[in-house]
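Participant: Please find one structure pasted underneath; my questions will follow.
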Amino acid sequence: KGRELADVMERRKVDILCVQETRWKGSKARSIGAGFKLFYYGVDSKRNGVGVVLKEEFVRNVLEVKRVSDRVMSLKLEIEGVMLNVVSGYAPQVGCELEEKESFWSELDEVMESIPTGERVVIGADFNGHVGEGNTGDEEVMGKIGVKERNLEGQMVVDFAKRMDMGVVNTYFQKREEHRVTYKSGGRRTQVDYILCRRGNLKEISDCKVVVGESVARQHRMVVCRMTLMVCKTKRSKIEKKTKWWKLKKEECCEEFRHKLRQALGGQVVLPDDWETTAEVIRETGRKVLGVSSGRRKEDKETWWWNEEVQDSIQRKRLAKKKWDMDRTEENRQEYKELQRRVKREVSKAKQKAYEELYTRLDSREGEKDLYRLARQRDRDGKDVQQVRVIKDRDGRVLTSEECVQRRWKEYFEELMNEENEREKRVEGVNSVEQKVDKIRKDEVRKALKRMKSGKAVGPDDIPVEVWKCLGEAAVEFLANLFNRVLESERMPEEWRRSVLVPIFKNKGDVQSCSNYRGIKLMSHTMKLWERVVEARLRKVVDICEQQYGFMPRKSTTDAIFALRILMEKYRDGQRELHCVFVDLEKAYDRVPREELWYCMRKSGVAEKYVRVVQDMYERSRTVVRCAVGQTEEFNVEVGLHQGSALSPFLFAIVMDQLSEEVRQESPWTMMFADDIVICSESREQVEENLERWRFALERRGMKVSRSKTEYMCVNEREGSGTVRLQGEEVKKVQEFKYLGSTVQSNGECGKEVKKRVQAGWNGWRKVSGVLCDQKISARIKGKVYRTVVRPAMLYGLETVSLRKRQESELEVAELKMLSQTPNSTMAKTKELSKDTRNKIVDLHQAGKTESAIGKQLGVKKSTVGAIIRKWKTYKTTDNLPRSGAARKISPRGVKMITRTVSKNPRTTRGDLVNDLQRAGTKVTKATISNTLRRQGLKSCSARRVPLLKPVHVRARLKFATEHLDDPEEDWENVIWSDETKIELFGKNSTCRVWRRKNAELHPKNTIPTVKHGGGNIMLWGCFSAKGPGRLIRVKERMNGAMYREILSKNLLPSARALKMKRGWVFQHDNDPKHTARATKEWLRKKHFKVLEWPSQSPDLNPIENLWRELKIRVAQRQPQNITALEEICMEE
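Heads up: the sequence shown at position 494 corresponds to 494 in the UniProt record's numbering, and the numbers run straight through without jumps.
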């Protein structure tokens, strides 16, 4: 239906569509094909459901999605500076409860009240009401054009329009009745779907009508209006066309690229020495051989099965629906129904064929990379807002125009990257190391090229590292010569100085605030190769202190986390205090003074030649910001290190190593991971003193300690230990801190970290759920995705933690839940071959190849090949055959014994049966007993409580049944049933479980005889009839005959009047002594009440017992805490 709906929208030129009764579970967004995206919301019961469909060009304009309930949702869009709110609603039907209707209108009111007055609003809803023809008294909110008369639900629509100053758009345009009717079913033709907008914006709507002749929905029709927004036209940013460098993965494309490049160079194998010439030739050859992207949207991945045959069938179905609407004969109806069934079959067939091809490709080793890309794409498509197109200025005002947004991004990053913190100027100098440096060797270039990953975003020069990998030794020789010229001249190509800065949201804070974004630079890949070569040489001459864990060989975040946890555990075991301060630096990479960088490099023993080379990398560097609305103007970067550079982490480590030389202590008392610093000490005074020394050492050289993000934690804190101060300000004291992604607690426990790891695992699982929950993807592929995406996120840092059994159980339970929701999952590390590979092995064997030859050709072990061939010879199949499973512990004789035992005595417990078998020499668990008896058709159930019946009671009940056997249904509808019951506040009756077969719950062996008696927390009296419930009152004292008669006098007749009982109605109550007392009988006779004779000991026959049971269930769900609350809940329910 989704793809068919998209086709209708494209044909009818509809840009925004509100849909109702989607009946999908969950809340997300998904593409439905033809360039349309559906934002929807539904509940697990698959009832109701609302959604909004947008054309692809408007998806990027979405600012906010509010999913209020399965009946109301809204979208906020920004279109050329105009704020448009689209609301989709689905009102309850006429027969629904009043409470449900009131809930819908209150939700719609809340949505409207949350929208600022100056913004436009369009509501498209199925209101399930008729506003009717004519507008007498309602001229301000509707026109005169409608269908039939107004009903109560239609009046609610008009009242809402008045309340919110809106107009009912459908009623303002004169159309034929066929173009006004929105709902047709059988002989009914009504108008229940409406479009509403603010009265002040009615002038922007030029037409509104119902679209006929479409077959997407059987009963409802699409209402379409044409709205023209008065917007300020802005210059659209030009979509940059990109060379399809990713095609170099294919060997044939790579070979053709090399061949064309040689032709462009005049048949030469060696690349020219000049960078500019070589780069231009490479770019031009890439565009000719590989092609460039069109800049338009990609193929609809969700509906690429939508072939011509399916489209033709849909068209024939649409024409048949139109024919049936015009001439409703049985022949036309059958033709339409037959085409409906045919379309369903063809769609199913097309989907199956397309997906079989997809899954065959994904199950191959070449398709595994596509699988991760598919998972990421599905997760990205499910998000509501993918691009932030509006941003706030310094004063918090929202900027909507593209020029203002671009100007704000440039202003923010230009200020960030060109502003230094206050610092002292260095007086002392440092001797430079003047020494001869060796030329760049080819093996250095090869190592750097090997470390570069493929598939990364290119820089401004548009030459990815894949080009150099494709060209092989010719590229290595060219790069070695190029790098040597740069090293000798200390001047790199001007093209390398340019970069593109991409803001990345930090996933915290306001998404429209620039300060919550981190800027990552896209730089030339060739420059990154040059940086890696330089970095490798610098690491050989510079010794970084052992306290630095960041970006150091053979060190990682896990080592730093482990060292800190071990230190905390030692002090916790020794019952001694440990004081830790976690120091955070403000904009650490962006605020490193360049002069300090050169000084620290020289002091670390770096040759002056390399210092000048690095200075050249940062000299005259320029960048632009790439945001959702295009690129900003270029600006210079004078301060800080390059974010996204291959050399920057090591340069920062050099700076921190020199600045902390005089203040750092041995590890683990001081640990650094880039700019994350931990200072530990045994006393609060000492850690405060060390913190002040660190602050002085860093801030005098241009680095700034953050006062708001630096935090203090005390392990095994004693009362009154105080807090730490930094320049007189109190440092925030915490009981837990997230250090390098792992939560450490002051009490040394790890419970919160385990919970966060479980949550991280679920987050990872949801991201790839589109793959894991796909039943047609093989278990091998699912296992690999799970082990590489979900499990690492869930187990990160836990190797440093001493887990308790309970915490291990939490992780196991989380994993089992994930696997239970993953169809056909087998996450054990397995090298199970795909079905295609197993079939290839058999084909090659039949072709006469040996097992060794087959193994070498397919990359499979010889023993595996032999096992598959033997299986095929034996069973004529390569599929995995079902196994016999473990042998059952209980012998057939033992099964007969326990079955006979529970048949004789259904109240026998599982423990008794375990003991009986153990005496017979068989040791089993209670679960085994349950499973065994269940296979015999016996299930453990609660014994039913039934009245204790003697023979006299049985005869009386049979007599009552015989006398009333032929009574008509109307007689029973004229009976008022009454009874008392007790409602308990706490506790519940004990249960007794019995082993029984299906439908044997009332067998005497499977029941517990009871005698009805009073008592309880509160006593209630109530009555009801087939027409509804009567009065319900609480009996506050012990009931006697006089009180019972008073209750009847005050409540029985009013209940009968309220229920509108017919003349001669009958009153029923049981044979309780208060009911059968002489005074009570006399009172009933004088009042002329006709009483139904009732057999004794038969409370279970009274239908009011079913109402009491339902009441008790609802009361238990609400959990009252006292008698007053219990009474209020009973009356409400």
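In this text, a Cβ means the ideal position worked out from N, Cα and C, and glycines have one as well.
Of all the options Ala1026, Thr922, Asn999, which has the alpha carbon lying nearest to the alpha carbon of Trp972?
Facilitator: As a working note, residue 972 is residue 972 in the sequence shown. It is Ala1026.
Participant: Lys247 and Leu290 look like a contact to me (Cβ under 8 Å); what is the Cβ gap, rounded to whole Å?
Facilitator: For the purposes of this step, residue 247 is taken as the residue at position 247 of the sequence shown. For the purposes of this step, residue 290 is taken as the residue at position 290 of the sequence shown. So it is a contact: roughly 5 Å between Cβ atoms.
Participant: Closer than 7 Å by C-beta to Glu1133: which residues in its own chain qualify, once you throw out the five before and the five after it? Chain order, please.
Facilitator: Locating residue 1133 in the sequence shown gives position 1133, where the first residue counts as 1. Result list for Glu1133: Leu1111, Arg1114, Val1115, in chain order.
Participant: Whole angstroms is fine: what's the gap from Arg907's alpha carbon to Asn1006's?
Facilitator: The residue you call residue 907 lines up with position 907 of the sequence shown. The residue you call residue 1006 lines up with position 1006 of the sequence shown. Distance between the alpha carbons of Arg907 and Asn1006 is about 8 Å.
Participant: On the DSSP bridge list, what partners appear for His220?
Facilitator: If you number the sequence shown from 1, residue 220 lands on position 220. Beta-bridge pairing links His220 to Tyr183.
Participant: What are the residues that DSSP puts in a beta bridge with Phe36?
Facilitator: Your numbering for residue 36 matches position 36 in the sequence shown. In the DSSP output, where bridge partners are listed per residue, Phe36 has Gly33, Lys55.
Participant: Once you ignore the five residues that flank Lys1012 on each side, which residues in its own chain have a CB closer than 6 Å to its CB?
Facilitator: Working through the sequence shown from its first residue, we reach residue 1012 at position 1012. Because the pLDDT at Lys1012 is just 46, under 50, the model does not fix this residue reliably, and the value given afterwards should be weighed accordingly. Same-chain partners within the cutoff: Pro1099.
Participant: Apart from the five residues on each side of it in sequence, which residues of its chain come closer than 7 Å, Cβ to Cβ, to Ala563?
Facilitator: Residue 563 sits at position 563 when you count from the first residue of the sequence shown. Ser667, Pro668, Met671, listed in sequence order.
Participant: Relative to the C-alpha of Val715, which candidate in Asn839, Ser31, Arg426, Asp573 has its C-alpha closest?
Facilitator: Within the sequence shown, residue 715 is the residue found at index 715, counting from 1. It is Asp573.
Participant: Please look up how many angstroms separate the CB atoms of Glu153 and Val94, rounded, as I've assumed it's under 8 Å.
Facilitator: Within the sequence shown, numbered from 1, the residue matching residue 153 stands at position 153. Within the sequence shown, numbered from 1, the residue matching residue 94 stands at position 94. Contact holds; Cβ gap of about 6 Å.
Participant: Taking Val445 as the reference, give the member of Lys923, Glu428, Leu529 with the closest Cα.
Facilitator: As a working note, residue 445 is residue 445 in the sequence shown. The residue with the shortest Cα to Cα distance from Val445 is Leu529.
Participant: Mind checking Arg602: buried by the 16 CB within 10 Å criterion, or exposed?
Facilitator: Counting from 1 along the sequence shown, the entry for residue 602 is found at position 602. It counts as buried.
Participant: By DSSP, does His964 sit in helix, in strand, or in coil?
Facilitator: Position 964 of the sequence shown holds residue 964. His964 falls in the coil class under three-state DSSP.
Participant: Report the residue from Gly783, Leu833, Val19 whose alpha carbon sits nearest the alpha carbon of Thr864.
Facilitator: Indexing the sequence shown from 1 puts residue 864 at position 864. Closest option to Thr864, Cα to Cα, is Leu833.
Participant: Give the list of continuous beta strand (DSSP E) stretches no shorter than 3 residues that lie fully inside the segment 163-211.
Facilitator: Counting whole runs of 3 or more residues, the segment 163-211 contains the beta strand (DSSP E) stretches 166-168, 183-185, 188-190, 193-198, 205-211.
Participant: CA-CA distance, Tyr336 and Thr171?
Facilitator: In the sequence shown, residue 336 corresponds to position 336, counting from 1. In the sequence shown, residue 171 corresponds to position 171, counting from 1. The straight-line gap from Cα to Cα measures roughly 32 Å.
Participant: I want to check one thing, is the minimum distance from the CB of Lys392 to the heavy atoms of the ligand NAD below 7 Å?
Facilitator: Of the ligands one can find in the structure shown there are none, so the ligand NAD has no counterpart to examine.
Participant: Report the residue from Gly42, Leu229, Arg180, Asp138 whose alpha carbon sits nearest the alpha carbon of Lys209.
Facilitator: Along the sequence shown, one-based indexing puts residue 209 at 209. Answer by Cα proximity: Arg180.
Participant: In terms of DSSP beta bridges, what is Ala6 paired with?
Facilitator: Position 6 of the sequence shown holds residue 6. Answer is none; Ala6 lacks a bridge partner.
Participant: Give the straight-line distance between the Cα atoms of Pro968 and Pro92, rounded to the nearest whole angstrom.
Facilitator: Position 968 of the sequence shown, counted from the first residue, corresponds to residue 968. Position 92 of the sequence shown, counted from the first residue, corresponds to residue 92. So the alpha carbons of these two residues sit roughly 36 Å apart.
Participant: In this structure, does DSSP put Gln20 in helix, strand or coil?
Facilitator: Within the sequence shown, numbered from 1, the residue matching residue 20 stands at position 20. Gln20 falls in the strand class under three-state DSSP.
Participant: Excluding the 5 residues flanking His1003 on each side, which residues of the same chain have their C-beta closer than 8 Å to its C-beta?
Facilitator: Residue mapping note: residue 1003 aligns to position 1003 of the sequence shown, counting from 1. So the list reads Arg996, once near-sequence residues are dropped.
Participant: Quick check on Asn128: buried or exposed, where buried means 16 or more other Cβ atoms within 10 Å of its Cβ?
Facilitator: Working through the sequence shown from its first residue, we reach residue 128 at position 128. Buried, because 16 or more other Cβ atoms sit within 10 Å of the Cβ of Asn128.
Participant: How is the beta strand (DSSP E) around Asp979 delimited, first residue to last?
Facilitator: The residue you call residue 979 lines up with position 979 of the sequence shown. It spans 975-983 - the beta strand (DSSP E) in which Asp979 sits, taken as one unbroken run.
Participant: Rounding to the nearest angstrom, what Cα-Cα distance links Val895 and Leu933 in this structure?
Facilitator: Sequence index remark: in the sequence shown, residue 895 carries index 895 (1-based). Sequence index remark: in the sequence shown, residue 933 carries index 933 (1-based). C-alpha separation (whole angstroms): 8 Å.
Participant: If I measure Cβ to Cβ from Cys470 and keep anything under 8 Å in the same chain, skipping five residues before and after, which residues do I get?
Facilitator: Against the sequence shown, residue 470 aligns to sequence position 470. Closer than 8 Å at Cβ, skipping near neighbours: Leu248, Cys254, Phe257, Arg258.
Participant: For Thr278, which of helix, strand or coil comes out of DSSP?
Facilitator: By 1-based counting over the sequence shown, the position of residue 278 is 278. Looking at Thr278 - three-state DSSP - the assignment turns out to be helix.
Participant: Where does the unbroken alpha helix (DSSP H) through Cys1130 begin, and where does it stop?
Facilitator: The residue given as residue 1130 occupies position 1130 in the sequence shown. Its alpha helix (DSSP H) spans residues 1123-1132.
Participant: Please identify the residue among Ala1079, Leu1052, Trp1108, Ile1018 whose C-alpha is closest to the C-alpha of Ile1123.
Facilitator: As a working note, residue 1123 is residue 1123 in the sequence shown. When each option's Cα is compared against that of Ile1123, the closest is Ile1018.
Participant: Within 10 Å of its beta-carbon, does Thr278 have 16 or more other beta-carbons around it, so buried, or fewer, so exposed?
Facilitator: If you number the sequence shown from 1, residue 278 lands on position 278. So Thr278 counts as buried.
Participant: Since Gln1068 is in the beta strand (DSSP E), which residue starts that stretch and which ends it?
Facilitator: Against the sequence shown, residue 1068 aligns to sequence position 1068. Start and end: 1066-1068.
Participant: In terms of DSSP beta bridges, what is Leu77 paired with?
Facilitator: Your numbering for residue 77 matches position 77 in the sequence shown. Answer by DSSP bridge pairing, in chain order: Val62, Leu84.
Participant: Does the distance from the CB of Ala674 to the CB of Gly550 come in under 8 Å?
Facilitator: By one-based count along the sequence shown, residue 674 stands at place 674. By one-based count along the sequence shown, residue 550 stands at place 550. Contact flag set, yes.
Participant: Looking at the unbroken alpha helix (DSSP H) that takes in Cys600, where does it start and where does it end?
Facilitator: Mapped onto the sequence shown, residue 600 falls at position 600. Counting along the chain, the alpha helix (DSSP H) containing Cys600 begins and ends at 594-603.
Participant: What span of residues does the alpha helix (DSSP H) with residue 1134 cover, start to end?
Facilitator: No information on residue 1134 is available, as it lies outside the stretch 1 to 1133 that the chain covers here.
Participant: Among Ala1077, Leu917, Glu682, whose alpha-carbon lies nearest the alpha-carbon of Lys570?
Facilitator: Position 570 of the sequence shown, counted from the first residue, corresponds to residue 570. When each option's Cα is compared against that of Lys570, the closest is Glu682.
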